[in-house]
Amino acid sequence: MTMTPAFLWKNVIDHASRIILDKQIEIEQALTCILAGGHLLIEDVPGVGKTTLVQVLAKLLDLPYSRIQFTSDLLPADIIGNSIYDPEKKEFQFIPGPLFAPLVLADELNRANPRTQSALLQSMEEGQVSVDRITHPLPSPFFLIATQNPRSQTGTFSLPESQLDRFLMSFSMNYASYQSEISIFQGQDPRAQLKSLNPLVTIHQLQESQEFIQKIVVSELLAKYIADLLTFTRQHQESFIPLSTRTGIALSRASKARAFLKERQFCLPEDVQAVAPYVLAHRLGGAEGITYGKNKVHELIKTVAVPT
Amino acid sequence: MMAKSVFADSKFAFCLILPTFLLFPDIPAWSFYSSLLFWFSRWVIDKMEWKMPTRFFTGFFALVFLGITYLTFDSLIGREPACAFLVVLLSLKILEYQTTEENGFLILLGFYLVTAKFLFDTNLIWFSLGFPTMILLIYFLLPAGFRQKNTKIAGTYVIRNILISLPLCLFLFFYFPRFSSEIFHLKSQNNKIQSIGFSEELEPGSVSSLVQNDEIVLRAEFINVKPSINSLYWRGLTLTKQDGLSWSRDPQLESKQKRSPMFSKADPHVQITLEPTLKSWIYSLDQTTDLSSNQINIYKLPLGVFKTQTMIENRLVYHLKFQSSSQRSIDANDGEITLKDTPSPEVKKLLKALSMNAKTPEEIVFHFSEFLVKNSFQYTLNPGDQGKLSIDDFLFKTKKGFCEHFASSAAILLNHLKIPARVIAGYHGGEYNPVGQFWTLRQKDAHAWIEYLDSSNHWRRYDPTAVIAPMRLALGANDFARLSGDEALALLTSRRRDLAGPSSFQKLTYFFENLNYRWNSAVVNFDIEKQKNLLKEMNISLAEAILYGITFTLILALSMSWLLRSRKNATRSQRIYQMINRHFENYGLEKKPTEGPEAWRLRTCQAFPEQSQKIQALFDCYIAESYGNKHSQSNLFRAKQLLRSL
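So the sequence lines, in the order shown, correspond to chains A and B.
Under my numbering, the letters of the first sequence match residues -12 to 295, in that order.
Under my numbering, the letters of the second sequence match residues 202 to 847, in that order.
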């Protein structure tokens, strides 16, 4: 049986949403983010399924996964790794930290001090880590899913805007609906279900899909639309945080991934509009948080005309 | 698949059956009733879920009715046979109706029939019924799914389209050249308008039979002249041949000398709109000097008769000038009167009495009036058995009658006394419409009076009815019939005719009467003369009008080409999108500026669910061009093709 690449991924979404109820959109967006080769930021209170989501994805995509629990006293070396002197070889040997895994869950990222945060974010951007003037490439693929507690919680160091820009997408999980919660309480424990899950996609297939997405057409008209969106925020700085070119690239990448999931070979303005709340929320929200940013994105989408 | 019923959409069926009812007065009974029968059969078939008749069956019936049409009219060409056949054809189509794809054909037939109605009748009433039917038919041209889901938008769409077409309609109405040529004159093959009113003969009962008839004969609008009701004698026929109490016209006398119409058209006193009479004579006032019409030639015959060469089949507008009121005609003796009977002894005795002590014809006439009053002659609307009433019976036995009895016997008596006297048949008075300031004459205003040669050898009008029933003439037929004797007298003596004022119902009647009159004179009778006048009033010569017309067309053409050019400047993808958006804008669906093509496509598909496949394909053309990087001229062509098929 031949399966289209998009079908493969729909299957993943299907399976994941059977375990994590009422979170289909979030699962879809997380996958979009992974397919676009970007990092994901999830902001929410503890206990709404952030970790489960990551675990399910890791299992279904057959990605080795490591988890870093951030605390205020965590040091950069704790995540990147250390050079330890090997007396036999008479040289420093690099022992990779937990960051060296294809899928990394950085839990409660904003509880770490800025120094640790920035060490992590730098490696995210460059895909490599430099220790003692030696560059160590991170595994490929490499995805980082960071969660952060809402600003209202105590003991947090908020991420600066420049750092936030490194995340391709962000969303908050929100509580499951009343009905879904009833189903959750009746059903099996999601974590127990995890064990029975089998991988659906190989790393090879994931890389194939990513290559495919690279070829998806972004027409001039669509590029204009993205440019129009960015320009608008720059022209209305009194009410919008101006968006960077990197943001534009992010929008285009995420749109391509969505078009791929929709089995199209080209992007439509609808793709941009669909991913924009996730790509732009943390960028436009700034210090106000993702929820505020999401409203701003809606405002932007409802104002900027689709070029014809 | 189950055949669809036309009654499933009851409003649609209703608006399709309307034209049939509109045409009811104009088509033969067989056509109307058999079409109703077919409609009904279809309804029964749907109700009982019977088998549908085959196409062979309906086709056979169509042929049969084509044959019947031919047999009825001896021809298949012309509005009557065409309409009679089309009405049946529409009902047969209803009988075999299966899918909504046939709607277009049904609506087309409906359009034909409603339009055909205007060939029969241009009355305001028919217009006000036909026009909404037309609007309904336009409404049903819209796709069913769209109509049912967006009734309001569909309604505004239709109304907007009609409003958009209005300027062009008005422009064409005023400036499209009216040809008075016969090409545009459709000959009626079915003289369904019965010739009501006078025939060529006036006999006892011929006027009184019209008393109940409210049909309009003519409307007269006086310009700068205020006539009194007493002077409004509308003469039609001059009758010179007597037989008993009957009088008829003498065609030989009329054809003796025909005077060409060299009437002046300037400053008329009265504008008269004559309803089709299917006769050829024209009603004029006493002492008419000029009488002319832009529509046809009118000739003046001896005996003060005006005639056209052909029957008056369409509403005729003509103008006349007359001399200020005097009972004397401007015409001298111009004909002989033929009496058939010789006077009976009793009549001879009366003749002797009348001519006693009388030197002039005027005195004799006065004596006759005295005789009528002394012998208490009665004016009655019901003169009883008219059978073979002789002059003796009337003068000495019944002593009651209608105007024709009095006029006829007066003329007979005067002629016996060697005073030439002739009977004039026409109308008197009429009803004044204060709203439109015109007079309406109805068949019930029919009247007969006489003219005799007076001492100066001129024809003089004498109306014996005025002696017997002065109120009939002072009030007009309308009030006279309405009021009892005492009331009429009270109304007349107190001179409250003007003060009494019309009732509100009457006011309404006047209003609609006026509306109808203006409609006829301003819209239906807008002819080439009026067109020329309009141009004259605007100080435009015909040459200038043509020049303006050309300029107008040029400007239109240039702006069109400019529009097309600006469209050429647009990219292909923009042109496709503009085409799509314009198409849906027509249906009240507008693309939001922030809406992407997918969302927009979804909305249009929801509005037109039965066309969603085509709409999908249409948007695919745009998306391929704008977002798929599949640039090709074929996208534009395909989009055009799809838009046409929507």
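The C-beta atom is built at its ideal place from N, Cα and C for all residues, glycine as well.
Beyond the five residues adjoining it in sequence on each side, L325(B) comes within less than 7 Å, by CB distance, of L716, N717, W720 in the same chain, given in chain order. Taking 3 residues as the shortest admissible run, the segment 43 to 127 of chain A contains the following complete beta strand (DSSP E) segments, listed from N- to C-terminal end: 52 to 56, 68 to 73, 78 to 83, 90 to 94, 115 to 118, 121 to 124. Rounded to whole angstroms, the Cβ separation of V624(B) and L411(B) is 16 Å, and the two are not in contact under 8 Å. Between T301(B) and K212(B), the C-beta spacing is not below 8 Å.
Contact with chain B is found for Q260(A), since one of that chain's Cβ atoms lies less than 8 Å from the residue's Cβ. Between G505(B) and R450(B), the gap from beta carbon to beta carbon reaches 8 Å or more.
Excluding sequence positions up to five before and after S242(B), its CB lies within less than 7 Å of the CB of L296, all in the same chain and listed in chain order. Comparing alpha carbon positions, the residue from N351(B), G637(B), K737(B), Q579(B) closest to P665(B) is Q579(B).
With a threshold of 16 other beta carbon atoms within 10 Å, C370(B) falls short and is exposed. Around the C-beta of Q260(A), 16 or more other C-beta atoms lie within 10 Å, and the residue is accordingly described as buried. In terms of CA proximity to E547(B), D594(B) leads the group D594(B), A559(B), Y628(B), G311(B). Among the bridge pairs identified by DSSP, H269(A) is matched with none. No residue range can be given for Y162(A), since it is assigned to no beta strand (DSSP E) and is classified by DSSP as neither H nor E. Nearest neighbour of R5(A) by Cα position, chosen from S183(A), S226(A), V262(A), K211(A), turns out to be S183(A). Look at the segment 815 to 828 of chain B: the residues with a C-beta under 8 Å from a C-beta of chain A are I824, S827, Y828. By the C-beta density criterion, Q115(A) is exposed, having fewer than 16 other C-beta atoms within 10 angstroms. Spanning the alpha carbons of G627(B) and I483(B) requires a straight line of approximately 10 Å.
In this structure the segment 782 to 793 of chain B does not touch the segment 739 to 753 of chain B; the number of beta carbon pairs closer than 8 Å is below three. Contact check for S609(B) against L446(B) passes: the beta carbons are separated by less than 8 Å.
Using a Cβ-Cβ cut-off of 8 Å, Q807(B) is close to nothing in chain A; its nearest Cβ partner there is about 16 Å away. Below the 7 Å Cβ cutoff, chain B contributes Y828, G829, N830 as neighbours of F253(A), in chain order. It is roughly 27 Å from the alpha-carbon of I0(A) to the alpha-carbon of I824(B). Put simply, of A93(A), P74(A), T234(A), S117(A) the residue whose alpha carbon is nearest the alpha carbon of P83(A) is S117(A).
P794, T795, E796, G797, P798, E799, A800: these are the residues of the segment 794 to 805 of chain B whose beta carbon lies less than 8 Å from some beta carbon of chain A, given in chain order. By the neighbour-count criterion, in which a residue is buried when 16 or more other Cβ atoms sit within 10 angstroms of its Cβ, K550(B) is exposed. Counting of Cβ neighbours within 10 angstroms places P469(B) among the buried residues, the total reaching 16 or more. Against chain B, the CB of K289(A) has a partner CB under 8 Å away; the residue lies at that interface. In this structure, the alpha-carbon of R120(A) lies about 50 Å from that of I171(A). In the same chain as L267(A), and ignoring 5 residues on each side of it, the C-beta atoms closer than 6 Å to its own belong to V284, in chain order. Taking all protein chains in view, the Cβ of M156(A) is crowded by 16 or more other Cβ atoms within 10 Å, so the residue is classified as buried.
Neighbours of Y778(B) in chain A, taken as residues whose beta carbon is under 7 Å from its own, are T295 in chain order.
What V204(A) touches in chain B, judged by beta-carbon distance under 8 Å, is Y828, G829, N830, going in chain order.
Note that the C-beta distance between L92(A) and T38(A) is below 8 Å.
Around S235(B), no beta-carbon contact reaches into chain A at under 8 Å, the shortest distance being about 57 Å. In this structure, the alpha-carbon of S591(B) lies about 35 Å from that of S429(B). Assigned with DSSP and collapsed to three states, F253(A) falls in strand.
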